[in-house]
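In this note's numbering, the protein residues as written are -7 to 426.
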């Protein structure tokens, strides 16, 4: 017995579940006459034309499948379209070998949790069913990847409900899986559900809240900005605003100065469309470079060709490109590399993975540097882009685990670069020569 418990709602995917059941019976005729999908359709929480259309589609789909695969005494789909009492719902949970949730969009959805607890049963229920006190418990779950509880059910078979073939195959796996594995999955799920209850959630929430606020009690809060740009910043009580007068005084007294400047976000706003430095920026840099006491460097993640072109008017300006992989002390000097004999075989592994995520993430791009690969998602949908970036980071860390590289995420980017390269090392190298 496969069981579904859903509201009669457009987002619950009941019709998709029925189509998957139909596909299961087509691809695996051995289950005809043996497997039944019981669908409890709770009354819709709202009324309207959409609800009526969903209801009509659900009934017509179930009728068509039953006429195709049913026979006397057997209907593959049992649709219960009425309010079901709590005790009756528990009875269905108890007898079902697998619960199927195919919502295309949902919140937490507690149906899988209720099913797991009911399958665990109790001594009284075991006695009623004629099962032994120590009889092994087992359960299987096929759940949509779009429901809130999906990440916490590690033993469930996760599916995309729109992929009918995949859902049908998941159903087949669920009802044909060995009993020992079904027991292990049930034990894992019941252990999680029984320990992560409301009391656990409340305790963990208050712990996180107190941990977050503990530092704030020792800090001072300041409001910065106006309108939509307003934000509250918490600072240490000993924090003092950097004084321009103190900087100027110290600048005049010192005999040698190292000035390291980032480019994007420092010399040029992140939101700027035209990233080329203007005449005023170049004039200020040349003014700093003309002072013999100054050593001025641009330290950027951008490529050396771009930086060379942009800062060609600055004769004495040092440039550290690609986070310091390439270093040039003046305009006429040769480029140096901080890592000798670097192996770039990892690019053949990382690039196809990035291309795969670029194809599935609208607005994302790949930047191929000489020493690194960068996946940008600034122009992608903010939520989807962030989710894809996290998945890409995990994917790259897995496939590049044995390669001499560092995989890291940044401001709308995921970057892969050789080990031993950082802006901090550029600063150390520069200071060691002064």
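We put the CB at the ideal spot given by N, CA and C, even for glycine.
Rounded to the nearest whole angstrom, the CA to CA distance from residue 144 to residue 101 is 12 Å.
Between residue 81 and residue 30 a beta carbon distance of about 11 Å is seen, past the 8 Å cut, so the two are scored as non-contacting.
Taken through DSSP and simplified to helix, strand or coil, residue 226 comes out as strand. Secondary-structure assignment with DSSP links residue 286 through a beta bridge to 249. Residue 221 sits in a helix when the DSSP states are folded into three classes. Boundaries of the alpha helix (DSSP H) harbouring residue 385: 374 to 391, taken from the DSSP string.
Along the stretch 266 to 343, the beta strand (DSSP E) occurs as fully enclosed runs of 3 or more residues at 286 to 291, 310 to 313 and 318 to 320, listed in sequence order. Per DSSP, the unbroken beta strand (DSSP E) holding residue 410 starts and ends at 405 to 410. Residue state for residue -7 is assigned as coil, using DSSP reduced to three classes.
Of 227, 209 and 210, the smallest CA-CA separation from residue 216 is found for 227. Non-local beta-carbon contacts of residue 409 in its own chain, meaning distances under 7 Å to residues more than five positions away in sequence, involve 315, 363, 364, 397 and 398 in chain order. Burial state of residue 310 is buried, judged by a 10 Å Cβ sphere holding 16 or more other Cβ atoms.
Residue nearest to residue 292 within the set 260, 281 and 36 is 260 (criterion: CA-CA distance). Beta bridge pairing from DSSP links residue 31 with -4 and 71. Distance from the CA of residue 141 to the CA of residue 25, rounded to the nearest whole angstrom, comes to 32 Å.
Apart from the 5 residues on each side of it in sequence, residue 322 sits with its Cβ closer than 6 Å to the Cβ of 308 in its chain, given in chain order. Within the same chain, no residue comes within 8 Å of residue 197 by CB-CB distance, once the 5 residues on both sides are set aside. Under a 10 Å Cβ-count criterion, residue 356 is classified as buried, with 16 or more other Cβ atoms of the shown protein chains found around its own Cβ. Taking 7 Å as the cut-off, the beta carbon of residue 381 is found closer than this to the beta carbon of residue 369. With the rule of 3 Cβ pairs closer than 8 Å, the stretch 161 to 174 counts as touching the stretch 83 to 91. Between residue 349 and residue 388, the CB-CB gap reaches or exceeds 7 Å. Looking at the backbone, the Cα of residue 319 and that of residue 268 are separated by about 20 Å.
The beta carbon of residue 417 sits closer than 8 Å to those of 316 and 330, all from its chain and outside the five residues before and after it, given in chain order. Look at the beta carbons and you see the stretch -6 to 9 touching the stretch 29 to 43: at least three pairs across the two are nearer than 8 Å. Residue environment: residue 5 is assigned as buried (16 or more neighbouring CB atoms within 10 Å of its CB, all protein chains considered). Under the rule that a run must span 3 or more residues, the beta strand (DSSP E) segments found entirely inside the stretch 144 to 179 read 149 to 151.
Classified as exposed, residue 426 has fewer than 16 neighbouring CB atoms from the shown chains inside 10 Å of its CB. DSSP, reduced to helix, strand and coil, places residue 98 outside both helices and strands of the structure shown, so it counts as coil.
Going by DSSP, residue 355 is part of no alpha helix (DSSP H) at all; its letter is neither H nor E.
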